[in-house]
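Chains as they are written, first to last, in the numbering used here: chain Z, 401 to 801; chain A, 980 to 1481.
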C-alpha cells in the first residue's frame, strides 16, 4: 500500500477527435481549466506540473513542452515531461508520497492529426524501428500477435470463428460505450457485420474497426496529498498503487509473442502493492490499440488463463450485456469506449482512462455508470507505451486499511 | 537499429543479417550485443557474431499489409511477418518480397506460415531523389519458389594453374518477366536495382567458387545504371559480401566501379587476370561484376526503341590462379570514338544513333575484336567450341556470329537476351555463364563483348576439368533462372511500374 496516499481531486479533458484548427496549447489549456474549475483551485496553488506527450517534438515540432506550459499557466514551478499519462502520474505520485509537493497538475496531450500524412510512419518508427524498416505498419504487430495466439493455442474451425466474432464484439461493445460518452471521438454504434466485413475487404486478420483511431486531445487531473485532498473534496479518489515494467522495443525478438510480459509484471506489482487481487477489480480500462490487444490484456491482467479469454468474451456477449463475465463475476472493460471509440491521442490517452475511473468511482458517470453487487470500490487502468514496450497498471479507489 | 543519422552514415548495418550467440549459455540474439541477458557481466565480450546472410529461415507468422507506411507505398501491398532462424532462437521482422498480389486474390496466411525462406538483399524503402538509397536483408523470398536456399561452403583451393582464369561465377536475374514477340525479358521487382543485382550475382559466384570471401583482393563493378552518379556499387558489394579481410567495419579490399556502356565489366577481365598474376600484388583473387537495370525511355519517347529489348540482371566472375575452371589464354581489345549510344548526366534514359548502332558500331567493333583475336591465336571458327557475342537484341549477335563463320550450335546456347533481355554490362557475361554451365573440360570459348562509345573486348578461354567438379555447387544457374517455373509474367503497364522502382 502506498504511504502518504496521493489522491485525485479533479479531472478535466477535451473531446477526442480531430481538432483541426486548435493549437496543441489550446487543448491542454481546455483540459487544465476544466480540472481546475472542478476543484476550484488557482494556478498559484500548483507546486509542480507533470505532462505527457508521446511525440510532439517529432510530429508537431514542439520541443521543450514545459516552456509553453509555463507561458500558458504563467507558472514557473518545476515541470517535467513524460511520454504517457501513467508515467506522468507515476512521477507525480512519487513526489507527493515523498512529501515534496502537496498539489500538482498532471496533464497529457497529443495532436496527431496535424501530421496526418506521416503519422503512421512516425508511430511505427518510434514503436519498433527494425519492424518499420522491414516494412511493418502500426497495425501489423497486432495482427502477428493474433496469428501467434491462434497458432499457439491451436484454435481452428469453430474456435477460430468464435474468436474472430469475440474480437468483433470488443469493437461493438466499445462503440456502444463511446455512444454514451460526450467526449468520445466516435459516438455511434457499430455492428459485428461492419467489423467482419472491414476485415474481409482488407483481407487481413484485423480490419478498420479493430483499431483505435488517430486522435487529438488533452486530459488533466489534479493530484494532491491525502491531507489537502480532504480539504478539497469529501470523496477523493486515491491512487492505491502503480506497477510498471518494460520490454524490448523489437516485438519479433521478444520471448513470447502471444502476450505482453511488461503488462504481466506491471499487474503483479500493482496488485501486490495495493494488496488487492484482480478478482477485486470489476472495472478496468485497458489499452485497446486493437481488439486483439484488449483480449490479450485481459489475460495478462489475470482474468482468464492464456488462450482462453476469447471464450469468456464470446460467451459474455451472447447475454447482450456490455460487461464481460470472468469466473462468475462481471468485469466492466473500457466503459468510456476505450481507445477504439473514445480515441487515442497517445500522451492524453491514459488521462481519459483516469477521467473515466474517477467519474465511475464517484458515481458520476451518468449513462455509463456501472454498479457492482458489492459496490464499486476499486478500479484499474492498464496503459502501454508503444506496442507493450512499457506497461503501467494503476489501481484507484477508496482508501483501504 | 540505431539512430537515424548513424543509419545514414553507415548505411550497411541492415544489409547483412547479423546475430550473436553467447559463448556461456548459447542464447542467441538478433543484432549484435555486448553481453547476454542470462549470463550478465561475465559474458561481456563473449558473444560470437553469427551470420544469417547465407542461412535459411522459417516464416513463422505473417499478415497482409494493404496500407503500408509512406516509405513502402510503392509496393502497394505485401506479406509481412516474422522469420525465425535456428528453431526459433532468433526472430526477425520480415517482408516477403518478389510478390505482386492481385486485388482479387484470396490471401491464406496459414499456407505461408511454416514455409522456409531465404534472406535477400534489397532496397529498404523509398527515399527522395537526392537521398542515400538504404538497403536491407530483412526482405525474404520463399525457398521453395524462384530462389532456393544454397549453402555457402568454404573450401581451401588446391590446384595451381599456369594461367589465370575463372574460378567461380554466378548469374542473377529477377523473378518477373515480360514476354513480347517471342522475347522474354527480366524485370526487376520494385526493390531491386543494379546494386542489388550486383550483390546477388557476387553472392552466387562466391557460393559457386566456395572461396573464402576474405581472399578476394579487388572488386570491379561495371554498370551503366548505378542509382548514383557518384558512389560506387563496388563498395556496397565489398561491404555486404565481406570481400577482403574484415578489419573492424573496414574491408581490406580494393573496389572500383567501371563504365564503358555494355563492356564496363568485360573490359576488366584482363585487368583481373593481370592483377592476380602480378607477383607483387598480394592479390590472389579478383571479382568482376557486370549488372544493369537496363534503362530505356518508355515507348514513343525519344530513345524508346530500346524499351523492347532492355532486361535486368547480371553476372559475377571470380578470377584467380588456383582451382581454375576456365583459363584465359588470350585477349584483344579495340576502341574508337563512335557515339552510337549515350546518356548525358542527369538524364534518366539513354539515347542511341538509330540505324547507325548496327554496321558502323556493333558489327564493326565485334568483328574487329573477334577476328583479330582468332588471327592472333591462329584459330578458325571451327577450332572453337563456343562463341559468346554481346547481345543487345536478337538479330545482331546472330548476324555477326554467322559472318565470323560460327554455326548455330556454337553461339545459340550463348544467346540469353531472348530470356532475360539486354542486361547491358551483364549481357556478354550472362552469355558466358550460360556456356560455362554446359561446357565440357578442354572446351575453347571465344567471348566478344561490345560497349557503345565504342569498343569490344575478345577473350579466348579454355575450360579445365574442375569445371565439372564445381558445377553441382550451383543450383541457381542460367538455365534454372531462364526456365524457372516460378518466374512471373507481367503486362507492359506493370513492367514500366516495376522498372520505375521504389
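Every residue gets a Cβ at the ideal spot worked out from N, C-alpha and C, and that includes glycine.
Only a predicted model underlies this, so the values are computations on that prediction, with no experimental measurement involved.
At what residues does the beta strand (DSSP E) containing residue i begin and finish?
i: residue 1391/A; result: Per DSSP, residue 1391/A belongs to no beta strand (DSSP E) and is neither H nor E.
i: residue 794/Z; result: 790 to 797
i: residue 429/Z; result: Note, residue 429/Z: premise wrong, no beta strand (DSSP E); alpha helix (DSSP H) at 424 to 439.
i: residue 1310/A; result: 1305 to 1314
i: residue 500/Z; result: First-last for residue 500/Z: undefined, no H or E at that position.
i: residue 1009/A; result: 1007 to 1009
i: residue 1425/A; result: 1423 to 1427
i: residue 531/Z; result: That residue, residue 531/Z, is in no beta strand (DSSP E); its alpha helix (DSSP H) goes 529 to 534.
i: residue 1150/A; result: 1139 to 1151
i: residue 1271/A; result: 1264 to 1272
i: residue 411/Z; result: 407 to 413
i: residue 1118/A; result: 1114 to 1121
i: residue 1040/A; result: 1036 to 1044
Just to check my reading of the structure: residue i and residue j have Cβ atoms closer than 8 Å, yes? What is that Cβ distance to the nearest angstrom?
i: residue 615/Z; j: residue 417/Z; result: 6 Å
i: residue 730/Z; j: residue 789/Z; result: Their Cβ separation, rounded to whole angstroms, is 31 Å, which puts residue 730/Z and residue 789/Z out of contact at 8 Å.
i: residue 999/A; j: residue 1027/A; result: 6 Å
i: residue 1180/A; j: residue 1144/A; result: Going by Cβ atoms, the distance from residue 1180/A to residue 1144/A rounds to 18 Å, so no, they are not a contact pair.
i: residue 1234/A; j: residue 1201/A; result: With 8 Å as the limit, residue 1234/A and residue 1201/A do not qualify as a contact, their Cβ atoms being about 12 Å apart.
i: residue 410/Z; j: residue 622/Z; result: 4 Å
i: residue 1300/A; j: residue 1256/A; result: 7 Å
i: residue 996/A; j: residue 1041/A; result: That pair is no contact at about 18 Å.
i: residue 740/Z; j: residue 688/Z; result: 5 Å
i: residue 1427/A; j: residue 1345/A; result: 5 Å
Name the DSSP bridge partner or partners of residue i?
i: residue 1410/A; result: Note: residue 1410/A sits in no beta bridge, so no partner.
i: residue 1023/A; result: None, per the DSSP bridge assignment.
i: residue 1436/A; result: 1312/A
i: residue 452/Z; result: 482/Z, 508/Z
i: residue 1324/A; result: Residue 1324/A is not bridged to any residue.
i: residue 685/Z; result: 781/Z
i: residue 1399/A; result: The partner list for residue 1399/A (beta bridge, DSSP) is empty, contrary to what the question assumes.
i: residue 1157/A; result: 1164/A
i: residue 1239/A; result: 1241/A
i: residue 1331/A; result: 1320/A
From this set, the options, which residue's C-alpha is nearest residue i's C-alpha?
i: residue 579/Z; options: 781/Z, 780/Z, 767/Z; result: 767/Z
i: residue 644/Z; options: 486/Z, 468/Z, 705/Z; result: 486/Z
i: residue 1406/A; options: 1254/A, 1419/A, 1152/A; result: 1152/A
i: residue 1399/A; options: 994/A, 1294/A, 1358/A; result: 1294/A
i: residue 1306/A; options: 1314/A, 1297/A, 1225/A; result: 1297/A
i: residue 601/Z; options: 1065/A, 1046/A, 1236/A; result: 1046/A
i: residue 778/Z; options: 732/Z, 747/Z, 738/Z, 491/Z; result: 732/Z
i: residue 698/Z; options: 672/Z, 438/Z, 734/Z, 674/Z; result: 734/Z
i: residue 1060/A; options: 1053/A, 1070/A, 1254/A, 1468/A; result: 1070/A
i: residue 654/Z; options: 504/Z, 521/Z, 545/Z; result: 545/Z
i: residue 807/Z; options: 483/Z, 687/Z, 429/Z; result: Because chain Z here runs from 401 to 801, residue 807/Z falls outside it and cannot be looked at.
i: residue 744/Z; options: 611/Z, 532/Z, 595/Z; result: 611/Z
i: residue 760/Z; options: 704/Z, 796/Z, 661/Z; result: 796/Z
i: residue 1321/A; options: 1437/A, 1203/A, 1083/A, 1334/A; result: 1203/A
i: residue 1073/A; options: 1039/A, 1331/A, 1425/A; result: 1039/A
i: residue 1430/A; options: 1137/A, 1314/A, 1105/A, 1458/A; result: 1314/A
i: residue 785/Z; options: 444/Z, 453/Z, 432/Z; result: 453/Z
i: residue 1130/A; options: 1118/A, 1154/A, 1108/A, 1184/A; result: 1184/A
i: residue 446/Z; options: 432/Z, 456/Z, 459/Z; result: 432/Z
i: residue 1238/A; options: 1270/A, 1252/A, 1266/A; result: 1270/A
i: residue 1067/A; options: 1007/A, 1443/A, 1247/A; result: 1007/A
The alpha helix (DSSP H) with residue i in it runs from where to where?
i: residue 1474/A; result: 1471 to 1478
i: residue 493/Z; result: 485 to 497
i: residue 467/Z; result: 465 to 473
i: residue 541/Z; result: 540 to 552
i: residue 1252/A; result: 1247 to 1256
- Item | Ranges of the alpha helix (DSSP H) found wholly within the region 1054 to 1110 of chain A, counting only runs of at least 4 | 1088 to 1091
- Jot down the residue ranges of each uninterrupted alpha helix (DSSP H) in the region 1159 to 1233 of chain A, minimum 4 residues, whole runs only, in chain order. 1173 to 1188, 1212 to 1219
- Query: Which runs of the alpha helix (DSSP H) spanning at least 4 residues fall entirely within the region 572 to 650 of chain Z, listed in chain order?
  - Reply: 592 to 602, 626 to 632
- Length at least 3, wholly inside the region 689 to 729 of chain Z: the beta strand (DSSP E) runs in chain order: 724 to 726
- Length at least 4, wholly inside the region 651 to 675 of chain Z: the alpha helix (DSSP H) runs in chain order: 661 to 674
- Message: Threshold first: 3 residues or longer. Then list the beta strand (DSSP E) segments lying entirely within the region 1343 to 1394 of chain A, N to C.
- Response: 1365 to 1368
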